[in-house]
Amino acid sequence: MLISPPSLFSPSLLIALSLLTPLVIVLVLGLAGLLRPLQAFTLRRRLTLFAPLAVAPAVLLALLAEPGSVAETVEVPWLLFGAHFGVDLYARPLLLIAALLYGAALLSISWIKLRDAERGSGALSAFLLLSFTGNIGTYLAADAASFYLAFALMSFSAAGLVIHYRTPAAQRATRVYLVMSVLSETAILAALILMTSAGGFLLAEASEAAGTAHTGLIQGLLIFGFGVKAGTVPLHVWLPLAHPAAPPAASAVLSGAMVKAGMIGWLRFLPEGETAGAVLLTLALIGAFAAVAVGVLQHDPKVVLAYSTISQMGFITVLVAVGLMVPELRAATSAAAVIYAVHHGLAKGALFLGVPVVKHYARGRTGILVLLGMLGAGLAVAGAPLTSGAFGKYVSKEAVSGIEVLGVGLDLLLPLVATGSTLLLLRFAVVIWAADRDPRRRADGELLSWLGVCAAGIVVPWVIGARWVTDPVQADGVAVPSWEPSTLWDATWPILFGILLAALVWGAARRGLLPVRLRGETTPAVPPGDLLLAEESLLRRVGAAGGSALDGAHGFTTSAAERWGSLWSAAAQRGRRAVSWAEARLGGWESTGLMLVVLLTVVTVATMLVAGRFS
Amino acid sequence: MVTWLEQMPGELLPAIPVVMVLLSLTAAVAIFPLPENSVKLRAGINLTAAVAKVLLIIALVPAVVADGARPEFSAPFLPGIDLVLRVDPLALFFAGLSSLLWLLTTVYALGYLRGTKNKSRFFGFFSLCVTATVGISFSGNLVTFLVFYELLTVVTYPLVAHWGTPASLRAARIYLRYALGGGLAVLIGVVWLTMYVGPVDFADGGAEGVTELVASNPMPALLIFGLLVGGLGVKAALFPLHGWLPLAMVAPAPVSALLHAVAVVKAGVFGIVRVLHDVFGVEAAAELGVLTPLLILAAFTILYGSYQALRQQEIKKRLAYSTISQVSYVVLGVAMVNVLATTGGVVHLVHQGLMKVTLFFCAGLFAEVIRAHTVSQLRGAGRRMPLTSAAFTVGAFGMIGLPPTAGFISKWQLGTGALASEHPWVLWVLVGSSLLNAAYFLPVVYALWFVDPEEVEPETLVSRGSDASDPLRVREPKSLLIPALITAGLTLFVGIAASLAFAPLQVARFIAEGVLG
Numbered sequence: 230m231l232i233s234p235p236s237l238f239s240p241s242l243l244i245a246l247s248l249l250t251p252l253v254i255v256l257v258l259g260l261a262g263l264l265r266p267l268q269a270f271t272l273r274r275r276l277t278l279f280a281p282l283a284v285a286p287a288v289l290l291a292l293l294a295e296p297g298s299v300a301e302t303v304e305v306p307w308l309l310f311g312a313h314f315g316v317d318l319y320a321r322p323l324l325l326i327a328a329l330l331y332g333a334a335l336l337s338i339s340w341i342k343l344r345d346a347e348r349g350s351g352a353l354s355a356f357l358l359l360s361f362t363g364n365i366g367t368y369l370a371a372d373a374a375s376f377y378l379a380f381a382l383m384s385f386s387a388a389g390l391v392i393h394y395r396t397p398a399a400q401r402a403t404r405v406y407l408v409m410s411v412l413s414e415t416a417i418l419a420a421l422i423l424m425t426s427a428g429g430f431l432l433a434e435a436s437e438a439a440g441t442a443h444t445g446l447i448q449g450l451l452i453f454g455f456g457v458k459a460g461t462v463p464l465h466v467w468l469p470l471a472h473p474a475a476p477p478a479a480s481a482v483l484s485g486a487m488v489k490a491g492m493i494g495w496l497r498f499l500p501e502g503e504t505a506g507a508v509l510l511t512l513a514l515i516g517a518f519a520a521v522a523v524g525v526l527q528h529d530p531k532v533v534l535a536y537s538t539i540s541q542m543g544f545i546t547v548l549v550a551v552g553l554m555v556p557e558l559r560a561a562t563s564a565a566a567v568i569y570a571v572h573h574g575l576a577k578g579a580l581f582l583g584v585p586v587v588k589h590y591a592r593g594r595t596g597i598l599v600l601l602g603m604l605g606a607g608l609a610v611a612g613a614p615l616t617s618g619a620f621g622k623y624v625s626k627e628a629v630s631g632i633e634v635l636g637v638g639l640d641l642l643l644p645l646v647a648t649g650s651t652l653l654l655l656r657f658a659v660v661i662w663a664a665d666r667d668p669r670r671r672a673d674g675e676l677l678s679w680l681g682v683c684a685a686g687i688v689v690p691w692v693i694g695a696r697w698v699t700d701p702v703q704a705d706g707v708a709v710p711s712w713e714p715s716t717l718w719d720a721t722w723p724i725l726f727g728i729l730l731a732a733l734v735w736g737a738a739r740r741g742l743l744p745v746r747l748r749g750e751t752t753p754a755v756p757p758g759d760l761l762l763a764e765e766s767l768l769r770r771v772g773a774a775g776g777s778a779l780d781g782a783h784g785f786t787t788s789a790a791e792r793w794g795s796l797w798s799a800a801a802q803r804g805r806r807a808v809s810w811a812e813a814r815l816g817g818w819e820s821t822g823l824m825l826v827v828l829l830t831v832v833t834v835a836t837m838l839v840a841g842r843f844s
Numbered sequence: 016m017v018t019w020l021e022q023m024p025g026e027l028l029p030a031i032p033v034v035m036v037l038l039s040l041t042a043a044v045a046i047f048p049l050p051e052n053s054v055k056l057r058a059g060i061n062l063t064a065a066v067a068k069v070l071l072i073i074a075l076v077p078a079v080v081a082d083g084a085r086p087e088f089s090a091p092f093l094p095g096i097d098l099v100l101r102v103d104p105l106a107l108f109f110a111g112l113s114s115l116l117w118l119l120t121t122v123y124a125l126g127y128l129r130g131t132k133n134k135s136r137f138f139g140f141f142s143l144c145v146t147a148t149v150g151i152s153f154s155g156n157l158v159t160f161l162v163f164y165e166l167l168t169v170v171t172y173p174l175v176a177h178w179g180t181p182a183s184l185r186a187a188r189i190y191l192r193y194a195l196g197g198g199l200a201v202l203i204g205v206v207w208l209t210m211y212v213g214p215v216d217f218a219d220g221g222a223e224g225v226t227e228l229v230a231s232n233p234m235p236a237l238l239i240f241g242l243l244v245g246g247l248g249v250k251a252a253l254f255p256l257h258g259w260l261p262l263a264m265v266a267p268a269p270v271s272a273l274l275h276a277v278a279v280v281k282a283g284v285f286g287i288v289r290v291l292h293d294v295f296g297v298e299a300a301a302e303l304g305v306l307t308p309l310l311i312l313a314a315f316t317i318l319y320g321s322y323q324a325l326r327q328q329e330i331k332k333r334l335a336y337s338t339i340s341q342v343s344y345v346v347l348g349v350a351m352v353n354v355l356a357t358t359g360g361v362v363h364l365v366h367q368g369l370m371k372v373t374l375f376f377c378a379g380l381f382a383e384v385i386r387a388h389t390v391s392q393l394r395g396a397g398r399r400m401p402l403t404s405a406a407f408t409v410g411a412f413g414m415i416g417l418p419p420t421a422g423f424i425s426k427w428q429l430g431t432g433a434l435a436s437e438h439p440w441v442l443w444v445l446v447g448s449s450l451l452n453a454a455y456f457l458p459v460v461y462a463l464w465f466v467d468p469e470e471v472e473p474e475t476l477v478s479r480g481s482d483a484s485d486p487l488r489v490r491e492p493k494s495l496l497i498p499a500l501i502t503a504g505l506t507l508f509v510g511i512a513a514s515l516a517f518a519p520l521q522v523a524r525f526i527a528e529g530v531l532g
């Protein structure tokens, strides 16, 4: 499985180290609380400084896993129901970007001068490390139970990221997030149990087994369960609240890495099916475009980015859905989805990490650097030629060519998502440009980590796309585009179209032609979370109706229980008198002991009478 | 220890179950006459007996599970009926849980009751309570079981009534009324069954003669089954016989912990397992057509208990209703009659015990240290009592069934079992219960960790040594905290290492395979 000579890098050791190193750090961070406050503070500070190194084993694992035989698994027979881990074609690239993103996030919050974001207790680092373990766990797990463990660990630790600032907005976001997560977890658990009992406990057999029994149910549960995580409309409502509420470092991993866990879940477990694919495709396309419409109305740069994530995840979900509808295309669309996820993870991570960077460094000479970096990341998300985004979009377009929706080819529809991205990014540029800046700071972890992610965004997707994702057996998976004029034009026109649209809207706005509602000068015309308000009020109404129905039932059962109780007490009249008698003498144990003797005697005599009949 | 046991002469092995029962009985007898102020002696007797029992259990595990030994002791009790104590895997499983939790709860209770009155009475009955539990687990026939089962009823009464307040006396009275009524039903059932088939010895696949009875006289057999399970269902808190349990939470925290985790509630459900497996046998029970109604009753109890728990604001009440719900998982598992589901049900005997004892330990800590009795009073407690809150979180996650806790293992096992049975709808009961559990446990966890503490009343600051350097932080008494941490740790351990040899899951599977082949 791995390069053999140095036994130090054996697969099981590296997998164990990747998963356990962060957990050990979290454990020490937690136990530090037992020390005296000053010691605890010092220990935690030192530890958070070194926390970014916790991703190192995962990076090594991704780099050393040999593409030829990556599907082998390591078994841990005593863990859960017998756990299996392995690095397969999809896990390897995703593992690498997760490690890079989390490493960068940890670095940006734990520089020598601790930021206010970190409060000195190490809580943010700890939750990041826990989420990291869960996140890479979802990639590495090769059986249903360990996958679920990793997924749950990731979901619930992310609540700690969202709540971090403890503002009312953060609290609301966390509550919404937790409710959605619980629903998603439960749906996934049910689906995994259904699959396991169809004989698909191991990942390798899961999706096949799911095709044999309860297929429709499993598909529905998985589309729902992973859709929450992947921000699929209409389950995305938590995302525009939670991603902006979290500290920027955490938003970067939420948007860059964690939403991809939903995608990997689909790729791994979803059984193929025409209907399920069509449903998912519809939802994905709605999300890809509607998110743009809502996102351009937002005022907070991070909310705009969150909507961009929803739109981009819609794009990825289109690929997943096509793979479901046309099984022959599944290998190609899955590979394209992974490449796109790699690209989007790094680019979106750079943009989120860039939000505080712009605030702190966008002046003077570093300002130029910051501008270049953000521009690059933005162009990548939009898919401008020669960026990783263009590569991702090219691969995706190739994978779905020939599929039509309502008579329109997907290869025509998908580039329009790039137009939407352009609009969102222009909006992002406008709001972040208008935001207040702080006095310039010296270079530190925040800037460095952002630069690192930018650099990785330029290099990594190409390397991965060219070498890692192609299945060596089928060999025809992914080709790097050659930059012919037609390819270049394919990548350019959606962006130009987006700029044109933006210019038109801007012009209209200048002349006061926009409806008042849409201008939304103080508050956005559509609040972040869009459908959430409607969904909440619906739930509230259902809840109220259900609640009053249950209250009625409860009132009935209470009165029934009372009647039942009085029946009992009437029947037990004698017993009660005896009890009260005993109770009055409770003061000493002797009387109760006496009662015991009496009772035992009764039992004994009764039994003797019975037994006597037989002897 | 193990080698010592293997080399032990064959005639000593049968003595072990008797020794186990006598250990706690002797402790009780020794404790009752002790004067109030001999704290150390009392603690010493208690702990020595408890540790000795745990060690004996550990020694028995390999012999019974791996080598198939069945140490048995019998003495004439009534004409034609013997008092039989026998160690089979299920007995060992239950006795192991009770011994371990007895030890931990004793440590907890020593700290909890420090400086209160009537301690000799309390610990005496506490030991008697465990005597009864061990007796119940080792009972080899129905009459022995009945004797210890009734003993349990009487000796827990003074524990529930311990504080002597009107509320606790009322709760204890209601408990006694329920339990004696249930005990009466069991008694009649036992007598009736004995009239038909003679002494009922527990045996794999059903007691001698019962299968024939079911074939020849189904109606009385059905009634006997109803009497036995109905009577046992009182202690097992099956709907609608659960009314006493939420009231009984007025008892001191260690009593609630023991009551909910191992002693009373579990004795009832253990009895149901015994009746189903070793008295009637699953085939005869299936022939009687009682399994599906039992399953439906258990499923309803699960949802009903969770729904009621959702309505409670008081922590201990919420936990009490949650017990009603969780204990029925055991009945649910055994009523589905396949190896997967039965494993899940049986393993939940231990898993629920560990999780619930953790939660009650923590509830007691919250009540004692920061005087928090309701959910809203727990706001920000994570900052003030981080270790207690962490233990509570583990227990709560276990109840929801999140990995890697013990509760996840049970739920997964029951879920796969449900799909393998004729009743796949049970999966949705489990799903619904998970959602309800999340709905009433997650807000508590959220309040603990994610809401800032309210203004702290000065009296709670001085009440139990708060930290000078951090005025919010409170140091919990160690004898209360450590048992909670141990059980929380075990909840995680048996969840993570579920497939380790001799882990509860493996022993439960062994038991289920023994019953169902």
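Order-wise, the sequence lines are chains G and Z. Residue 302 in our numbering sits at position 73 of the first sequence, and the numbers go up by one each step. Residue 331 in our numbering sits at position 316 of the second sequence, and the numbers go up by one each step. A virtual CB, placed ideally from N, CA and C, is assigned to each residue, including glycine.
If you reduce the DSSP assignment to three classes, tell me which class Phe92(Z) lands in. strand
Comparing the C-beta of Leu476(Z) with each C-beta of chain G, is any distance below 8 Å? Note that Leu476(Z) has pLDDT 48, beneath the 50 cutoff, so the model's placement of it is unreliable and no number is given.
Do Ser540(G) and Ala216(G) have their beta-carbon atoms positioned less than 8 Å apart in this structure? An answer regarding residue 216(G) cannot be provided, because it is not within the stretch 230 to 844 covered by chain G.
Pull up the distance between the alpha-carbon of Phe92(Z) and that of Leu166(Z), whole angstroms please. 16 Å
Say whether the segment 386-393 of chain Z touches the segment 427-444 of chain Z, bearing in mind that this needs 3 or more beta-carbon pairs closer than 8 Å, one atom from each stretch. no
Mind checking whether the beta-carbon of Ile447(G) lies closer than 7 Å to any heavy atom of the ligand FAD? No copy of the ligand FAD occurs in the structure displayed, which carries no ligand at all.
If we ignore side chains and look at the alpha-carbon of each, how far apart do Thr316(Z) and Val284(Z) end up? 13 Å
Considering only the beta carbon of each residue, do Asp293(Z) and Phe217(Z) sit closer than 8 Å? The answer is yes: Cβ separation under 8 Å.
May I ask you to verify whether the segment 84-98 of chain Z touches the segment 53-69 of chain Z, counting CB pairs closer than 8 Å and requiring at least 3? no
Which partner residues of Val34(Z) appear in the DSSP bridge assignment? BP columns for Val34(Z) are empty, so no partner.
Would you list the residues sitting across from Leu431(G) in a DSSP beta bridge? Asp372(G)
What are the partner residues of Leu100(Z), as DSSP defines its beta bridges? Phe88(Z), Ser154(Z)
Is DSSP giving Thr461(G) helix, strand or coil here? coil
8 Å Cβ cutoff, Thr431(Z) in contact with chain G: yes
Can you find a CB in chain G that lies within less than 8 Å of the CB of Ala512(Z)? Yes, its Cβ sits closer than 8 Å to a Cβ of chain G.
On the premise that Lys622(G) lies in contact with Ala720(G), defined as a C-beta separation below 8 Å, what is that separation, rounded to the nearest angstrom? 7 Å
DSSP three-state assignment for Ala685(G), whether helix, strand or coil: helix
How about the segment 270-290 of chain G and the segment 318-334 of chain G: do they share at least three Cβ pairs that are nearer than 8 Å? yes
Kindly indicate which three-state DSSP category Lys270(Z) falls into: helix, strand or coil? It is Val, not Lys, that sits at residue 270(Z) in the sequence shown. Val270(Z) falls in the helix class under three-state DSSP.
Report yes or no: is there a C-beta of chain G within less than 8 Å of the C-beta of Asp467(Z)? yes
Would you be able to state if there are at least three C-beta pairs under 8 Å between the segment 363-382 of chain G and the segment 428-445 of chain G? yes
Residue(s) in a DSSP beta bridge with Val305(G): Ala312(G)
Counting pairs of beta carbons, one from the segment 231-249 of chain Z and one from the segment 324-334 of chain Z, are three or more of them closer than 8 Å? No contact exists between the segment 231-249 of chain Z and the segment 324-334 of chain Z.
Could you check whether the segment 507-516 of chain G touches the segment 448-467 of chain G, counting it as contact only if at least three pairs of C-beta atoms, one from each stretch, sit closer than 8 Å? yes
Please identify the residue among Val265(Z), Ile526(Z), Phe163(Z), Leu157(Z) whose C-alpha is closest to the C-alpha of Ala182(Z). Val265(Z)
Collapsed DSSP secondary structure at Arg479(Z) in the structure displayed: Unreliable positioning characterises Arg479(Z) in this predicted model, as indicated by a pLDDT of 46, which lies under 50. A coordinate reading is not provided.
Express the C-alpha separation of Leu334(Z) and Val682(G) in angstroms, rounding to a whole number. So the two alpha carbons sit approximately 48 Å from each other.
Let me see if you follow: with CB-CB separation under 8 Å, is Trp307(G) close to chain Z or not? yes
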